[in-house]
Amino acid sequence: MITPVEAASQFVAQAAVLETLLSVTQDQAAWKPSEKSWSLLEVTNHLWDEEKEDFKKRLDLLLHAPGQEWPSIDPEGWVKGREYAARDQAESLEGFLKERQASVNWLRALSVDDAAWNNKYEHPALGTLFAGDMLASWLSHDLFHTRQILKLHQFYNDEQLKPFSRDYAGGKW
């Protein structure tokens, strides 16, 4: 099992990658390949809200108050309800990075015995979730969105480079 300090180090590295990939112009941040997909701006704000209101908060509850009910969240609904698309990309990215640093500091200071990672919560849709599952999911969440961000960069470049093609570079997304 990865330790909280090791997870913190991974979060630092992932934050650096995300900062690089999300440091774009406001126009690029707001661009979407379709009405149904998210923009980089929406992904940035999703990451920020998840950092504040989901993973760390729920992991803390699992580790320190395993029987306590989780506060409700609505990540899909927040995109429109919190008007992510109307926000400033630079401010949103800065907010995410500050919140990520708070998470890193929290993980580095975390002191729990190994048994606490087996504390569980009965999730209505996913069934039994252990504290260790929550940490694994939190780490993976960044990677899932990194893949999404890379695709958005590629689609944006495809649009900007028209009428030319990237076929010579190889592969299709």
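For the sequence shown, full-length UniProt numbering gives the first residue as 1, with consecutive numbering after it. Glycine included, every Cβ here is placed at the ideal spot set by N, Cα and C.
List the endpoints of the continuous alpha helix (DSSP H) containing residue i.
{"i": "Glu35", "result": "That residue, Glu35, is in no alpha helix (DSSP H); it is neither H nor E in DSSP."}
In its own chain, which residues sit with a C-beta less than 6 Å from the C-beta of residue i, not counting the 5 before and 5 after it?
{"i": "Ala65", "result": "none"}
{"i": "Phe55", "result": "Trp138"}
{"i": "Leu152", "result": "Leu40"}
{"i": "Ala112", "result": "Reading off the sequence, residue 112 comes out as Val, not Ala. Cβ within range, chain order: Leu63."}
{"i": "Val79", "result": "Glu42"}
Just to check my reading of the structure: residue i and residue j have Cβ atoms closer than 8 Å, yes? What is that Cβ distance to the nearest angstrom?
{"i": "Asn119", "j": "Leu62", "result": "5 Å"}
{"i": "Ser92", "j": "Thr44", "result": "5 Å"}
{"i": "Trp31", "j": "Ser39", "result": "6 Å"}
{"i": "Leu59", "j": "Ala131", "result": "6 Å"}
{"i": "Leu107", "j": "Ala7", "result": "6 Å"}
{"i": "Gln28", "j": "Tyr156", "result": "6 Å"}
{"i": "Gln26", "j": "Gln89", "result": "5 Å"}
{"i": "Asp158", "j": "Arg166", "result": "7 Å"}
{"i": "His46", "j": "Pro75", "result": "6 Å"}
{"i": "Glu35", "j": "His141", "result": "Not confirmed; about 24 Å, so no contact."}
{"i": "Pro4", "j": "Leu129", "result": "The Cβ separation is near 18 Å, so there is no contact."}
When every heavy atom of the ligand MG is checked, does at least one fall within less than 8 Å of the C-beta of residue i?
{"i": "Ser111", "result": "Absent from the structure shown: the ligand MG. Ligands present: none."}
Can you find the residues in the same chain that come closer than 7 Å, C-beta to C-beta, to residue i, ignoring five residues on each side of it along the sequence?
{"i": "Ala116", "result": "Leu63 and Ala131"}
{"i": "Val12", "result": "Val104"}
{"i": "Glu83", "result": "none"}
{"i": "His145", "result": "Val43 and Leu47"}
{"i": "Ala85", "result": "Ala30, Ser39, Leu41 and Glu42"}
{"i": "Ile73", "result": "Glu53 and Asp54"}
{"i": "Met134", "result": "Phe55, Arg58, Leu59 and Leu62"}
{"i": "Phe96", "result": "Thr44, Leu47, Trp48 and Glu51"}
Suppose the cutoff is 8 Å on Cβ atoms and the five residues either side in sequence are ignored; what does the same chain contact list for residue i look like?
{"i": "Ile149", "result": "Leu18, Leu21, Leu22, Leu40 and Val43"}
{"i": "Lys52", "result": "Glu99"}
{"i": "Gln10", "result": "Ile2 and Leu139"}
{"i": "Gly81", "result": "Asp74"}
Next item on the list: Please list the segments of the alpha helix (DSSP H) lying wholly inside the UniProt domain "DinB-like" (13-149), counting only runs of 4 or more residues, in order along the chain.
Entry: 26-30, 40-53, 55-64, 75-81 and 89-109
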